[in-house]
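Participant:
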Amino acid sequence: MMMVNWGSPESVGQQDDYVMARRTVLGGLVAMGALVLSGCATSGIGSALTGGSATDAEPVRRLMRFSSERAFTWLVQPDGFWTSPVARIPLPVLFTRTGRTSSPSLRDPKFKLELQHQLNTIAGKSAGAAAPLVAQATKQVAIPDPAGVLRGGKTEATTLLRNSMGPALVNAMMPGIEAAMQQTTDPTLSKAIASLKGVTITDAAHALALEADNSIWYEIGSAEASIRQDPSQTNDPLLMGIFKAG
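Its first residue numbered 1, the sequence shown is counted upward by one per residue in the working numbering.
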């Protein structure tokens, strides 16, 4: 039996504008990091990293590890996605195409808010499956230019890590999300799916997994930016020395 790559939106016929809408927002977060670090911080990096040898990758790995651990600690708590300033998942486009239904439910703001909250809750319960994959990737990802990553934008390390993992998080979360959708006793989700012609729980789970993947990387990127700005929160002497204040 062929394994489905749930990281590909084409597997359930999602439209390009669905994916691009979220990528545009994520691109905005990464673009925020285009500002280089201050002169003092850059000096700290320069003194800590010279030559780009394999051992020089350790500060980047620590930055990735602290950022991802902080992100998952937040996201897996009750209402973690919902209360995050950057990771709250919007109602997937799948549920906003009201032209595909005659049901008034998906046009009702209160119903849509309840559905959105339920989807964020399901994402939080399923995000734990992604955490160990990210933790392992921080140890194994190739870092050919450590100094460049540390001198780069506010989410440079997160971008490198995400690019190395591809659809791994989507694939890891998909089974748990689908199972949670099947087992929920809240009628909101089943009512929403039933009102959309030709849409299955698998379709809805895939749509949510894609959104959850984006949101996890938003949260990790936000944590990285915060650590770069105030490395003392890590209590890590190496990172504090590299990203030292002027």
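Don't be surprised by glycine CBs; every beta carbon is placed ideally from N, CA and C. The model shown is predicted, which means the values in this text are computed figures rather than measured ones.
Count the other CB atoms within 10 Å of the CB of Asp203; is the residue buried (16 or more) or exposed (fewer)?
Facilitator: Asp203 should be labelled buried.
Participant: Of all the options Ile242, Pro109, Ala223 and Lys244, which has the alpha carbon lying nearest to the alpha carbon of Leu75?
Facilitator: Cα-wise, what sits closest to Leu75 is Ala223.
Participant: Does the segment 74-94 touch the segment 162-171, meaning 3 or more C-beta pairs lie closer than 8 Å?
Facilitator: As far as the Cβ criterion goes, the segment 162-171 does not touch the segment 74-94, which means the pair count is below three.
Participant: Would Phe95 pass as a contact of Ala123 if the rule is Cβ separation under 7 Å?
Facilitator: Not a contact, by the Cβ cut-off of 7 Å.
Participant: Cα-Cα, which of Ala147, Thr200 and Ala172 is closest to Gln258?
Facilitator: The first residue shown for the chain is 1 and the last is 246, placing residue 258 beyond what the model contains.
Participant: What is the rounded straight-line gap between the Cα of Lys139 and the Cα of Ser190?
Facilitator: In a straight line, the C-alpha of Lys139 is about 40 Å away from that of Ser190.
Participant: Starting from the C-beta of Ser103, find all residues in its chain whose C-beta is less than 6 Å away, skip the five residues before and the five after it, and write them out in chain order.
Facilitator: Excluding sequence neighbours, Ser103 sits near Ser195.
Participant: Check whether the Cβ atoms of Ala157 and Val86 lie closer than 7 Å to each other.
Facilitator: Against a cut-off of 7 Å, the Cβ pair of Val86 and Ala157 comes out as no contact.
Participant: Between the C-alpha atoms of Ala209 and Asn120, what's the straight-line distance to the nearest angstrom?
Facilitator: Roughly 11 Å separates the two Cα atoms.
Participant: For the candidate residues Ala127, Thr188 and Gly153, whose alpha-carbon lies nearest to that of Ala71?
Facilitator: Comparing Cα-Cα distances from Ala71 to each of Ala127, Thr188 and Gly153, the minimum goes to Ala127.
Participant: Have a look at Lys125 and Asp145 and give me their C-alpha separation to the nearest angstrom.
Facilitator: Going by the C-alpha atoms only, they are around 36 Å apart.
Participant: Let me know if Ala57 comes out buried or exposed under the rule of 16 or more other beta-carbons within 10 Å of its beta-carbon.
Facilitator: Buried is the call here.
Participant: How long is the line joining the alpha carbons of Ala207 and Ser215, rounded to whole angstroms?
Facilitator: Their backbone Cα atoms lie some 13 Å apart in a straight line.
Participant: Is Leu113 buried or exposed, if buried means 16 or more other CB atoms sit within 10 Å of its CB?
Facilitator: Exposed, because fewer than 16 other Cβ atoms sit within 10 Å of the Cβ of Leu113.
Participant: With H, G and I counted as helix, E and B as strand and the rest as coil, what does DSSP make of Asn171?
Facilitator: Helix at Asn171.
Participant: Could you give the uninterrupted runs of the alpha helix (DSSP H) lying entirely in the segment 123-170, keeping only those of 4 residues or more?
Facilitator: 131-140, 146-151 and 156-165, all fully within the segment 123-170.
Participant: What span of residues does the alpha helix (DSSP H) with Thr188 cover, start to end?
Facilitator: Unbroken alpha helix (DSSP H) run through Thr188: Pro187 to Ala194.
Participant: Given a cut-off of 7 Å, decide if Ala180 and Ala129 are closer than it, judged by their beta-carbon atoms.
Facilitator: It is not a contact, given that the beta carbons lie outside the stated cut-off.
Participant: Within its chain, find whatever has a CB closer than 8 Å to the CB of Met240; leave out the 5 residues flanking it on each side and keep chain order.
Facilitator: Hits under 8 Å: Pro231, Ser232 and Thr234.
Participant: Here's the rule I'm using: 16 or more other beta-carbon atoms within 10 Å means buried, otherwise exposed. How should Gly33 be labelled?
Facilitator: Because the pLDDT of Gly33 is 38, which lies under 50, any placement of that residue in the model is unreliable, and the number read from its coordinates should be weighed accordingly. Classification of Gly33: buried, given that the 10 Å Cβ count is 16 or more.
Participant: Taking the alpha helix (DSSP H) that Val199 belongs to, which residues open and close that run?
Facilitator: Element bounds for Val199: n/a, residue is neither H nor E.
Participant: Is it the case that the Cβ atoms of Leu115 and Ala192 are separated by a distance below 7 Å?
Facilitator: Yes, the pair counts as a contact, with Cβ atoms nearer than the cut-off.
Participant: Which class does Ile216 belong to by DSSP, given the choice of helix, strand or coil?
Facilitator: Reduced to three states, the DSSP call for Ile216 is helix.
Participant: For Lys110, count neighbouring Cβ atoms within 10 angstroms of its own Cβ and tell me buried if that reaches 16, exposed if not.
Facilitator: It counts as exposed.
Participant: Under 7 Å, do Ala131 and Ile177 count as touching if we go by C-beta distance?
Facilitator: It is not a contact, given that the beta carbons lie outside the stated cut-off.
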